[in-house]
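Just so you know, we're using the numbering used here here: the sequence shown kicks off at 788 and counts up by one. Backbone N, C-alpha and C fix where the C-beta goes; we use that ideal spot for every residue, glycine too.
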Amino acid sequence: MSAETTFDAVIIGAGAAGLMCGGTAGQRGRKVLLLERSPNVGQKILISGGGRCNFTHLQVEPKNYLSDNPHFCRSALSRFTPLDFIKLIEKHGIAYHEKAPGQLFCNDRAHRIVDLLKAECKAGGVTIKTGCAVNRIEKKDVFSVQTDSAAYTAPALVVATGGLSYPGAGATGFGYEIAAQFGLAVIACRPALVPLSYQPADVTRYGSLSGISISAAVATGSTTFTDSILFTHKGLSGPAILQLSSYWTPGEPITLDLLPHLRLNEAILKWKSERPSAALKTLLREHLPERLAHCFLDLNGQQNRPVRQLTERDAAAVARIFHHWQIQPGGTEGYGKAEVTRGGIDTRELSSKTFESRKVPGLYFIGEVLDVTGWLGGYNFQWAWASGHCAGLFV
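What follows is the structure in C-alpha cells.
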C-alpha cells in the first residue's frame, strides 16, 4: 500500500459530525481521510436554519433527545458542550445571535460554519475528497475502503453518513447498510421534525386555512409542545408540529389547543356581562384570525349569534372546539421535508465514550446515523459536534 492510500482513520461522510471528527482527530496528529460522495461538504449545514444555521442551543440536556437507549447521549453532551462550540465560533470570528430563546444562529450565511469546519480540518492536515462514492468496505487486519478511484486502508473507520432526511442534499441509507454488513442492529427509521399531512376529508375541511400561523399547544399521548403552528394546503407544520412529529405514532390522533393563553369558557361569560350584543365571531377575531374562527365555528354548527344568547353549556361547547381540537393526521410529508431521521443504529452496540462498535474493533458511528434524535432548535447540530468531537479523540 502506498502512503497516499494508507491512513490512521477513514471517515465516510463530510457533514457536521464527519467534519468535526476529522478536525479533532487530525489535530491530534492522526492521518485522516474524509470521503464525501456529494460534490461539496456540509450540504445539510448550508440549507439549515433558512440558510443561517441554527448551530446549537444554549440549554442542552439529555431530555432534549429521543432514543431507545436514552442515557447514551449523556457522556458526549457533557464532554463537548454548547459553550465549547461557541468558543470555536468566536475563535473564527463568526458573529451570531440568539433568535428564539436559546437558539443560536449565524448573523451571516451558513457557509461560515462550513468554512470553520474546513479550516479545523486543514489545521489537522485532513485529506478531503469530494464526489467520491464508496463502493465496498472490507475488514481483515485493517479496513479497506474501495472507491471508484482507489482503495484506502486504515485501522479505524468512522461512519458519519447521516440519516434519510433531505435526500435532495445527498442523504442515503448507506450508513445503515454498513451497520448491517458488520452485524450491528438498527432501530426502525422514520421521518422526524417533519410536517404532518391531513387525511383526504380534512384537506376539504381545513385546506382553506392555508397560510395561517398561530401559537398553539399540541399534544400526543403525554407529550405537549406550545409554539407556533402553520396551516398548509397539505396539513400542519410550524415549530410545535415539527417537535410533536418526533413523538407521534402513525394512526394516533393529536390534540390542539388553539387558544392556549386564554380560558375561552370564562371569556365568553365575561363577554356576556360586558359586551352582550357583540357577535361571537366578532369577539373571537380579537384572539384568532378571522378565517380560522369562522371555519371552526361553521364546521361545528355554531351560529353567529350575540354572546348574550349563549348558555353556560353553549360556552363550554365553544370552548371545547378551540381548546380540544382533535385530528388524526394521515401521515407525514416524508423524508423530503424531514429535518432529521428518528431511529438509526442501536446505540447499545457502541461505547458511549468512544463511539466504537462493541463487536467490531476500529468501527465507529457518529451523528444522525445513530438512534439519537434531538428536538428542533440546534440540538441535532450539537449532537453532531459532540459525537464527532468525542469519536475524534479516540480514532
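- Message: If you reduce the DSSP assignment to three classes, tell me which class Asn-841 lands in.
- Response: Sequence index remark: in the sequence shown, residue 841 carries index 54 (1-based). Reduced to three states, the DSSP call for Asn-841 is strand.
- Task: Identify, in the order they occur along the chain, each residue of the same chain with its Cβ nearer than 6 Å to the Cβ of Ala-1106, setting aside the five sequence neighbours on each side.
- Result: Mapped onto the sequence shown, residue 1106 falls at position 319. Excluding residues within five positions, the ones whose Cβ falls inside 6 Å are Leu-1051, Asn-1052.
- Task: Quick one: give me the first and last residue of the alpha helix (DSSP H) that Pro-1055 is part of.
- Result: In the sequence shown, counting from the first residue as 1, residue 1055 sits at position 268. The amino acid occupying residue 1055 in the given sequence is Ile; Pro does not appear at that position. Taken as a continuous stretch (DSSP letters only), the alpha helix (DSSP H) holding Ile-1055 covers 1051–1061.
- Give the single residue among Ile-999, Gln-986, Tyr-1151, Ser-931 whose Cα lies nearest to the Cα of Lys-1021. The residue you call residue 1021 lines up with position 234 of the sequence shown. Closest option to Lys-1021, Cα to Cα, is Gln-986.
- Message: If I measure Cβ to Cβ from Ser-1032 and keep anything under 7 Å in the same chain, skipping five residues before and after, which residues do I get?
- Response: In the sequence shown, counting from the first residue as 1, residue 1032 sits at position 245. Once the five neighbours on either side are set aside, the close Cβ partners of Ser-1032 are Ala-979, Leu-980, Val-981, Leu-983, Thr-1119.
- Identify every residue that forms a DSSP beta bridge with Ile-915. On the sequence shown, residue 915 is found 128 positions in, with the first residue counted as 1. Partner(s): Leu-821.
- Message: Buried or exposed, going by whether 16 or more other CB atoms sit within 10 Å of the CB of Pro-1148?
- Response: Here residue 1148 corresponds to residue number 361 of the sequence shown, with the count starting at 1. With fewer than 16 other Cβ atoms within 10 Å, it is exposed.
- Between the Cα of Tyr-1005 and those of Gly-994, Leu-1023, Ser-995, Ser-1174, spot the shortest distance and give me the residue it belongs to. The residue you call residue 1005 lines up with position 218 of the sequence shown. The question names Tyr, but residue 1005 is Val in the sequence shown. Checking every option, the nearest Cα to that of Val-1005 belongs to Leu-1023.
- Could you pull the start and end residues of the beta strand (DSSP E) that Phe-892 belongs to? As a first step, residue 892 is located in the sequence shown; it is residue number 105 there, counting from the start. It spans 890–893 - the beta strand (DSSP E) in which Phe-892 sits, taken as one unbroken run.
- Query: Any idea what DSSP makes of Thr-793, helix, strand or coil?
  - Reply: What you label residue 793 is simply residue 6 of the sequence shown in a count that begins at 1. It is a strand residue.
- Task: State the Cα-Cα distance for the pair Pro-1026 and Glu-791, rounded to the nearest angstrom.
- Result: Counted from its first residue, the sequence shown places residue 1026 at position 239. Counted from its first residue, the sequence shown places residue 791 at position 4. If I take the Cα positions, the gap works out to 47 Å.
- For the beta strand (DSSP E) that Pro-826 lies in, which residues bound it at each end? By one-based count along the sequence shown, residue 826 stands at place 39. No beta strand (DSSP E) holds Pro-826; DSSP gives it neither H nor E.
- Query: Terminal residues of the continuous alpha helix (DSSP H) containing Arg-1129?
  - Reply: On the sequence shown, residue 1129 is found 342 positions in, with the first residue counted as 1. No alpha helix (DSSP H) contains Arg-1129, which is instead part of the beta strand (DSSP E) from 1127–1132.
- Which value, in whole angstroms, describes the spacing of the CA atoms of Phe-1083 and Gln-1113? Here the question's residue 1083 lines up with position 296 in the sequence shown. Here the question's residue 1113 lines up with position 326 in the sequence shown. Cα-Cα distance, rounded: 12 Å.
- Message: Could you check whether Ala-804 and Glu-1136 sit closer than 9 Å to each other, using their CB atoms as the reference points?
- Response: Working through the sequence shown from its first residue, we reach residue 1136 at position 349. Working through the sequence shown from its first residue, we reach residue 804 at position 17. Not a contact, by the Cβ cut-off of 9 Å.
- Task: Could you tell me whether the Cβ atoms of Pro-1040 and Thr-1013 are closer together than 9 Å?
- Result: Your numbering for residue 1040 matches position 253 in the sequence shown. Your numbering for residue 1013 matches position 226 in the sequence shown. Cβ atoms of Pro-1040 and Thr-1013: not closer than 9 Å.
- Query: Taking C-alpha atoms, which residue in Val-1182, Lys-926, Ala-1171, Thr-1019 lies nearest to Phe-872?
  - Reply: In the sequence shown, the residue the question calls residue 872 occupies position 85. Comparing Cα-Cα distances from Phe-872 to each of Val-1182, Lys-926, Ala-1171, Thr-1019, the minimum goes to Ala-1171.
- Query: Quick one: any contact between the stretch 955–968 and the stretch 986–996, if contact means 3 or more CB pairs under 8 Å?
  - Reply: no
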